[in-house]
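In the working numbering, the protein residues as written are 6 to 710.
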């Protein structure tokens, strides 16, 4: 349906052209900043008067005198230097509200985009062999909300979970699983990676102890051989045993072993310890030895595995490393799936008929072509042994050009290379019209350089790439949110605690509910509170994490919004107990009566649900939309500038207006005609809150709290 702003803009713009004889008139209609001036203001006359060298107020009065708006508003007036003020008529508001009520597609008056696009949204991106922590929360839920809003507006959204299953952590993952297998053969002993992990956390640089660990490592490496030294064939046998283990049992082992490798390599950094390993010869005859044996610094062992196994993962000699990598990736993703299900986020292959999870490994066979193409175009050059691109405008503190390294001197590729390959794949194969990346603000430089290189290579145009950034989650002390021991807060533990705390609130407020009902409400409120608290903050800002604030039933919180919805549902239950058939009353209503100020105020808020959606989508003007706080305006603003807090601000305003209406306007005890009108207001408010929370933000509502 055509928005109020679109109607007003057309009519006022037409009169501005008639009065001035110019075709470039912009009425600039937006909601009034103060109710005393009306509902809308046209602010474009001042700029037009300046162009014409006329008095802006006098020009505004000429335009106002010719306006034909009697079917929409009271006679418009002029204030200040030339603002045209417009106050909607109650009859017009009632008609618009009935149109929204009659919308059978659950769109609440919001039209789809005039032209649908293919939009790739890259978000979440956990690493294998690591637990998701609080740092993954914002990317995961902000990315999901962006997808939901774009899909609602009719775009084809292709979700991509670009997991870290390749690159520098590859060696640590493989080495960690090797340590698990080596510990498995010591059946009668506690796993050494577990006992030594605690030891290393409190290490005092005991060189003899580190040498003992290194010596045991070499002994196991030599023993883990069959046909050739270090071929890992015995390791492969233990791996088969692990593959048949309970995944819930092996996951904690993987996490500990990964931490063990990471901490061990940090600890031996300055100790000068060496370790033997092997490197496959690039050229060899089939009947000769395949490998050279060398000693390398112990601290570089995982990097050696990354460099020499990663690049040749499909080599038959690396069969056990490939199987180990596949096993850990599978288990890691299954544990991520648990988190996604709790958060009600769709970012795995099980939700869609296309491949959602495309880790860095997916692009491994495309990386050499990326480098070759950039070299062929003269964009990539050798610098200090590495292959680099130097995009314009990027310099270090000394004023020297910053390199965007796409291949290291040892031949290894980097995140930069993988991200470039992903852009080419998404444009060429997925046919993306736009690609949206959702990451924390610390990656600003990387993505700015990535986008610059992709544009230099003519792989994308200027308007195809967007980087949606967000700030950090802080503790109540204003510092990064950590555990007491200084570690990242595990996301699963945070979600569990949110539900437990919500359950305590439910027990206190409504102890007579069944246990099953309490659990359902606690999950919806706890997880909803966590997500809503994040959404309601400016995504670019850091925000302080506080369970007490986010679980409060007062203020701009999920429990407040969920309670507003539940309160409307309680009206429906009371209606049933009084034999009032709401469905019949709503179906038969032909006219709304809006006489009480709170009724009219709520109705005006509701009809603005779809305000400016079509215009905002086609014009794509985030700066034009940021002033709007009505639902449709907020939806489009949130999409255009990828800011869910615009949407939560509207929902909170709507809930407040409903609260005023609920306090001042009895529903079931009012006269028949008034009751029907007020039931419409209740029904649309409930639908709008549910739509905003559930469909666009992925927050569940409950009918009883």
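Ideal Cβ placement from N, Cα and C applies to all residues, glycine included.
Grab the span of the beta strand (DSSP E) containing residue i for me, first residue to last.
| i | result |
| --- | --- |
| residue 440 | 439 to 445 |
| residue 127 | 123 to 127 |
| residue 475 | 470 to 475 |
| residue 299 | 296 to 302 |
| residue 162 | 161 to 165 |
Since residue i is in the alpha helix (DSSP H), which residue starts that stretch and which ends it?
| i | result |
| --- | --- |
| residue 664 | 649 to 669 |
| residue 187 | 174 to 189 |
| residue 21 | 9 to 25 |
| residue 576 | 563 to 582 |
| residue 533 | 520 to 540 |
| residue 157 | 142 to 157 |
| residue 433 | 420 to 433 |
| residue 198 | 197 to 206 |
| residue 368 | No alpha helix (DSSP H) holds residue 368; DSSP gives it neither H nor E. |
Looking only at its chain, what residues have a beta carbon closer than 8 Å to the beta carbon of residue i, apart from the 5 residues adjacent to it on each side?
| i | result |
| --- | --- |
| residue 278 | 215, 216, 219, 302, 303 and 304 |
| residue 111 | 692 and 696 |
| residue 359 | 163 |
What residues in its chain sit with their C-beta under 6 Å from that of residue i, if we drop five residues either side in the sequence?
| i | result |
| --- | --- |
| residue 145 | 129 and 350 |
| residue 599 | 95, 99, 605 and 608 |
| residue 624 | At residue 624, the pLDDT of 31 sits below 50, so the modelled position is not reliable and the matter cannot be decided from this model. |
| residue 184 | 198 and 262 |
| residue 6 | 104 and 114 |
Count the other C-beta atoms from every protein chain shown that fall within 10 angstroms of the C-beta of residue i, then say buried if there are 16 or more, exposed otherwise.
| i | result |
| --- | --- |
| residue 669 | exposed |
| residue 113 | buried |
| residue 299 | exposed |
| residue 414 | exposed |
| residue 34 | buried |
| residue 1 | Because the chain spans 6 through 710 in this model, residue 1 falls outside it and cannot be assessed. |
| residue 307 | buried |
| residue 232 | exposed |
| residue 170 | buried |
| residue 532 | buried |
| residue 25 | buried |
| residue 529 | buried |
| residue 513 | exposed |
| residue 132 | buried |
| residue 28 | exposed |
| residue 251 | exposed |
| residue 38 | exposed |
| residue 343 | exposed |
| residue 356 | exposed |
Kindly list the residues whose CB is nearer than 7 Å to the CB of residue i, restricted to its own chain and excluding five residues on each side of it in sequence; keep chain order.
| i | result |
| --- | --- |
| residue 87 | 50, 51, 54, 61, 62, 64 and 65 |
| residue 256 | 336 and 340 |
| residue 81 | 69, 72, 74, 89, 90 and 91 |
| residue 587 | 577, 580 and 684 |
Using DSSP with H/G/I as helix, E/B as strand and the rest coil, what is residue i?
| i | result |
| --- | --- |
| residue 391 | strand |
| residue 37 | coil |
| residue 112 | coil |
| residue 626 | Caution applies to residue 626, whose pLDDT of 29 falls short of 50 and renders its modelled position unreliable; the value that the coordinates give is listed next. Looking at residue 626 - three-state DSSP - the assignment turns out to be coil, as it is neither helix nor strand. |
| residue 30 | coil |
| residue 380 | helix |
| residue 617 | Low confidence applies here, because residue 617 scores a pLDDT of 31, under 50, leaving its location unreliable; read the following figure in that light. Looking at residue 617 - three-state DSSP - the assignment turns out to be coil, as it is neither helix nor strand. |
| residue 463 | coil |
| residue 355 | helix |
| residue 267 | helix |
| residue 318 | coil |
| residue 284 | strand |
| residue 310 | helix |
| residue 131 | coil |
| residue 82 | strand |
| residue 362 | strand |
| residue 602 | helix |
| residue 58 | coil |
| residue 92 | coil |
| residue 587 | helix |
| residue 493 | strand |
Looking at the C-beta of residue i, does it have a partner C-beta in chain C at a distance below 8 Å?
| i | result |
| --- | --- |
| residue 277 | In the displayed structure, chain C is absent; only one protein chain is listed. |
>> Quick test of the definition: if touching needs 3 or more C-beta pairs under 8 Å, does the stretch 385 to 392 touch the stretch 334 to 344?
In response: no
> Does the count of Cβ pairs from the stretch 463 to 476 and the stretch 543 to 563 closer than 8 Å reach three?
Replying inline: yes
> Is the number of C-beta pairs between the stretch 135 to 154 and the stretch 360 to 376 that are closer than 8 Å three or more?
Replying inline: no
>> Whether or not the stretch 224 to 244 and the stretch 317 to 333 are in contact is what I'm after, with contact meaning three or more pairs of Cβ atoms, one per stretch, closer than 8 Å; do they touch?
In response: yes
> Is it true that the stretch 454 to 463 meets the stretch 421 to 430, where meeting means three or more beta-carbon pairs spaced less than 8 Å apart?
Replying inline: yes
> Are three or more beta carbon pairs between the stretch 414 to 424 and the stretch 441 to 461 nearer than 8 Å?
Replying inline: yes
> Touch check for the stretch 119 to 129 and the stretch 76 to 91: three-plus C-beta pairs under 8 Å?
Replying inline: no
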